[in-house]
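One structure below.
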Amino acid sequence: MPANMMENEAFTAFIFYGTLLVLKMYAVAIITGQVRLRKKAFANPEDALRRGGLQYHREDPDVERCLRAHRNDMENIYPFLFLGAVYSLLEPNPAVARIHFLVFFCGRITHTAAYLLKLRAPTRSVSYSIAQLPCFSMAAQILFGVIRHWC
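With the UniProt record's numbering, letter number 131 in the sequence shown gets 131, and the count goes up by one each step, no holes.
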């Protein structure tokens, strides 16, 4: 990475939290695979045949829960990666940017824990909502920055 990009403290913070979020997504994928193996619930017939027979080509509620957690990550972390990158390139106040990224990160960690550990409602929906706040803030600041540039 060019040295001048690392001098942008907001971008450096974004790289840190963005990388942690991608690693978290990998962890959820690994957990999904482990749950499939433990529950013997395979999505593909060839995997079921290899692990004991076609009777294991089936759905399982715990595997489906993992898949929903992973899908929710994709629906939320990918937009964050775009918004966070563009926002950090606008060179916002580094402390404010770190707060944006930290709030999103903590919200997503809590959301995943609530999903996978079946925590009581409304833990998951509250953590989801909290994680959306910095995304809306970053999107608004990006749009205002573009509008200011055009005017």
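Even glycine gets a Cβ: it sits at the ideal position worked out from N, Cα and C.
Inter-residue CB distance, residue i and residue j (contact presumed, cutoff 8 Å)
i: H100; j: S137; result: 6 Å
i: V103; j: L133; result: 7 Å
i: F80; j: C135; result: 6 Å
Nonlocal neighbours in the same chain, by C-beta distance under 8 Å from residue i, ignoring five residues either side
i: H70; result: M25, V28, A29 and T32
i: L54; result: P45 and A48
7 Å CB neighbourhood of residue i in its chain, flanking five on each side removed
i: H62; result: Correcting the residue identity first, residue 62 is Asp in this sequence and not His. Here the set comprises V35 and K39.
i: G145; result: L90
i: F105; result: Y17, L20 and L21
i: R124; result: H111, A114 and Y115
6 Å Cβ shell around residue i - same chain, five flanking residues per side excluded
i: G107; result: S127, I130 and A131
* To do: List in chain order: all unbroken alpha helix (DSSP H) runs of 4+ residues lying wholly within the segment 26–109.
  => Entirely contained in the segment 26–109, the alpha helix (DSSP H) runs reaching 4 residues are, in chain order, 45–50 and 61–89.
* Does the pairing of the segment 70–83 with the segment 105–124 give three or more beta-carbon distances under 8 Å? -> These segments touch.
* **Cβ pair count under 8 Å reaching 3, the segment 8–21 against the segment 80–97** => Segments in contact, yes.
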